[in-house]
Structure formats: C-alpha cells, structure tokens
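Each residue of the sequence shown is one higher than the one before, starting from 281 at the first, in my numbering. Shown next, in structure tokens, is the structure this report addresses.
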Amino acid sequence: MKTAFLDYKTVDPGDLDLSHLRKIAPNLILHDKTAADEVNKRIEDAAIIIINKIKLDAATLSQAKKVRLICLVATGTDNVDLIAAKEQGITVCNIKNYCTDSVAQHVVLSMLALSHHFDEYQVSLKQGLWQKSEQFCLLEYPITELSSKTLGIVGLGVLGKAVANLAVSFGMRILVAESFKPENSNKSTEQQKPEFKRVPFQDLVAQSDVVSLHCPLTAETKGLFDLQAFKTMKKNALLINTARGGLINDKALLYALENKLIAGAALDVLDREPPAADHPLLTSGLPNLIVTPHIAWAAKEARQRSLDEIAKNIACYLKGEPRNVVTG
C-alpha cells in the first residue's frame with residue numbers, strides 16, 4: 281500500500297527518526313516539497329497521503345481514485361476539502377496536542393523578550409553602549425515584571441490552557457475571552473488550575489497587559505484585532521500571536537506600534553506564508569515588533585511527536601479503528 285508524504289521537509293529538515301513511520305508504512309515515498317501542478321501525479325496511485333500544508337481541493341480529490349486515507353501533520357484542516365473527501369469515502373485524520381509545550385514555551389519567551397526589551401539591549405550591546413556606560417549597567421529601556429500583570433487569552437483550548445498555567449507560575453492574573461472557540465480543545469487533558477475568569481472580548485482587550493491569541497481563523501475572527509481593538513488596549517499592552525496571521529489587521533498593528541497605542545507585539549504567523557520580501561511587518565524596522573518564521577510549534581520533540589502521531593493514525597486506520605477523524 282503506497283503512502284506518499286508530499287511536503288516532508290516542512291516537518292523534518294533531517295533530524296528526526298522515521299523508523300516508526302516506516303514500520304507502519306513500509307512503502308513510504310518522501311517528497312521534500314510538491315508544487316501544485318505535481319500533486320495529481322504524486323497521489324494518483326497512493327492509498328495514503330500525508331500532508332502538512334499542501335492544498336487538496338475537490339477537483340484534486342476527484343482525481344485521487346485510490347486514496348483512502350489523508351493524514352494531516354497538523355491540527356488545522358483548512359487546506360483539505362473535507363466535504364469532498366467524505367463524499368469520496370476518504371477518511372481524513374489530523375493530529376492533536378503534539379506541540380503544546382513548544383507553543384506555550386514560545387509564548388512565554390515572547391512575553392519575556394518584549395517586557396525585557398531583549399532585542400533592543402542586544403543591539404545596544406553590539407553598538408558598544410554598555411562598554412561606554414558610566415554605570416555598571418545599562419538602563420536604556422524600562423524592564424517590567426510579569427508578576428501581578430494580567431494575561432488575556434483568546435481561545436482557551438489545550439494551547440491556551442498551557443500558556444495560562446505557565447503564566448500563573450509567574451504570578452499573572454488570567455482573563456479568558458468569552459465566545460471564542462479554541463484552536464484545539466481536549467477535555468481529557470484539561471491541565472486546569474482553578475477556573476479562569478471569562479469576560480467579554482472588549483473587556484479583555486481593555487484590561488489585559490498581555491494578550492495571547494489561540495483561536496482559529498474564521499469569518500468571526502478575521503481581522504479581530506483592528507484599529508478599534510488597539511485603541512481599546514492599554515498603552516503598555518503586548519500582543520502575541522502564535523495562532524493565525526489573519527486574526528490581526530496588519531495596517532492597524534503597524535499604526536498602533538508606530539503611534540504607541542500599544543507597547544509591543546510578537547508574531548509567529550503572518551497572513552501569507554512564506555511572506556513577500558517587502559511585507560510591511562518585515563520591513564518596518566520597529567524595535568517593539570518581533571516576528572519569527574512560524575516556529576512556535578517546531579521544537580524537535582514536537583516535530584518527532586507529529587511523525588509518531590501520524591504513524592499511530594495510519595496503524596489505527598489499518599486496524600479498522602481510525603482515530604482523530606475530522607471528516608465526520
């Protein structure tokens with residue numbers, strides 16, 4: 281039974297162990313990447329497809345006569361037409377909770393980097409300003425503690441809870457936005473501290489010192505952080521996005537940072553990935569903006585876990601007990 285992994289390099293640059301996956305799927309074909317015009321050819325004789333970001337629309341799936349299982353190396357399912365897959369009798373499975381610790385760690389890193397002006401101090405050091413200082417230390421930028429600050433979470437699923445639990449250990453107060461479905465929720469792995477206070481979105485935005493996004497991109501959440509939201513936020517507030525780029529209006533964010541409506545932002549996702557070289561968020565040069573290349577999820581342990589979860593999904597499907605099915 282042929283298994284085709286269409287965009288393998290999105291998961292493994294060469295440091296992962298494939299033995300478990302190869303044992304479950306011995307006829308595994310790895311493609312580092314697959315262009316849109318190569319997809320049909322590469323899936324035409326495959327029974328199982330593994331993808332991360334490759335798009336499989338209804339037209340493409342209609343040509344996949346032998347495909348019985350699609351395994352997503354992700355939680356999100358936006359890139360597959362689930363209705364078309366179900367109509368063709370194709371099972372689609374995703375993976376869950378594989379990068380929770382990695383993402384939560386990245387969010388805390390972002391909070392600390394912004395609150396300590398870490399990047400600015402690194403620049404000052406490289407410019408020789410500490411070496412020229414009249415004091416034993418350099419106090420160019422104000423450093424703030426996380427303790428006693430309020431963290432607002434938009435989307436309290438597994439990821440949001442993991443971030444909240446880490447923030448509590450710093451002495452932060454937690455607020456959760458009402459009415460926003462989390463990116464990934466699993467009642468069996470609650471990891472709960474005492475129930476966090478839920479408030480309307482506008483109240484969360486107004487009261488939080490840090491806002492962290494963990495909700496999916498939907499018609500409701502697209503452009504959620506617009507100019508009005510930024511005007512409502514505290515002047516010292518930080519915004520962290522490890523969810524979806526489209527949750528934030530880029531022009532509004534730039535305006536907010538340039539005009540000090542908020543103190544800073546850390547983005548691990550953009551509206552289009554990879555972004556254009558002239559993307560305004562990459563060329564702004566703003567010292568209070570940190571952009572990372574969608575790596576919050578990508579700790580080696582998390583990437584290995586993703587491959588192992590795919591192997592489990594395939595093994596369960598072959599036994600007639602499919603898991604993590606998203607086609608209903």
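Note that the Cβ used here is the ideal one computed from N, Cα and C, for glycine as well. Keep in mind the model is a prediction, meaning the values are calculated, not measured.
Please state the DSSP three-state secondary structure of residue i.
i	result
L286	coil
S492	strand
R478	strand
A545	strand
G525	helix
R453	strand
C596	helix
L519	strand
F505	strand
Buried or exposed for residue i, please, with buried defined as at least 16 other CB atoms from any protein chain shown within 10 angstroms of its CB.
i	result
G565	exposed
K380	The sequence given here has Thr at residue 380, not Lys. Buried, because 16 or more other Cβ atoms sit within 10 Å of the Cβ of T380.
L547	buried
D292	buried
E589	buried
V403	exposed
V363	Rather than Val, the amino acid found at residue 363 in this sequence is Ile. Classification for I363: exposed.
K473	Confidence at K473 is low in this model, with a pLDDT of 45, below 50, so the placement of that residue should be treated as unreliable; the coordinate-derived value is given next. Result: exposed.
G432	buried
N307	exposed
S449	exposed
G440	buried
Please name the residue in the options whose C-alpha comes closest to that of residue i.
i	options	result
F398	P555, L493 and Y421	Y421
A447	Q411, I423, S488 and E414	S488
V438	C373, H300, L394 and L493	L493
N568	T283, K515 and L598	K515
D297	K599, S586 and P496	S586
I542	P555, V479, I520 and D558	I520
D337	Q411, V360 and N445	V360
R302	T290, E318, F285 and V571	F285
I334	N320, A327, D325 and K345	N320
E652	G600, I304 and M281	Because the chain in this structure spans residues 281 to 608, residue 652 falls outside the shown range and cannot be described.
N539	A557, V549, E553 and K511	K511
G544	I375, V571 and T563	V571
A305	L537, A326, K289 and L455	A326
How close, in whole Å, do the beta carbons of residue i and residue j come, if the pair is a contact with beta carbons under 8 Å?
i	j	result
L525	D551	For clarity, residue 525 is Gly in the given sequence; the question names Leu instead. Confirmed, about 4 Å.
I329	V347	6 Å
L418	L409	6 Å
A384	V443	5 Å
Y597	T283	Rounded, the Cβ-Cβ distance is 11 Å, inconsistent with contact.
I331	T355	Not confirmed; about 13 Å, so no contact.
Could one say the Cβ of residue i lies closer than 8 Å to chain C's Cβ atoms, at least one of them?
i	result
V490	As a matter of chain content, chain C is missing from the structure shown, which is built from one protein chain.
Would you check if the stretch 307-318 and the stretch 595-608 touch, i.e. whether three or more CB-CB distances between them fall below 8 Å?
The stretch 595-608, when compared against the stretch 307-318, does not touch it at the 8 Å Cβ threshold.
I want to know whether the stretch 525-535 touches the stretch 423-430 - three or more CB-CB distances under 8 Å.
The answer is no - the stretch 423-430 does not touch the stretch 525-535, with fewer than three Cβ pairs under 8 Å.
Are the stretch 561-580 and the stretch 375-392 touching by the rule of at least three beta carbon pairs closer than 8 Å?
Yes: at least three Cβ pairs fall under 8 Å.
Below 8 Å, can you find three or more Cβ-Cβ pairs linking the stretch 359-377 to the stretch 331-347?
Yes: the two stretches touch, three or more of their Cβ pairs being nearer than 8 Å.
Using 8 Å as the Cβ pair cut-off and three pairs as the minimum, do the stretch 476-485 and the stretch 451-461 touch?
A contact exists between the stretch 476-485 and the stretch 451-461.
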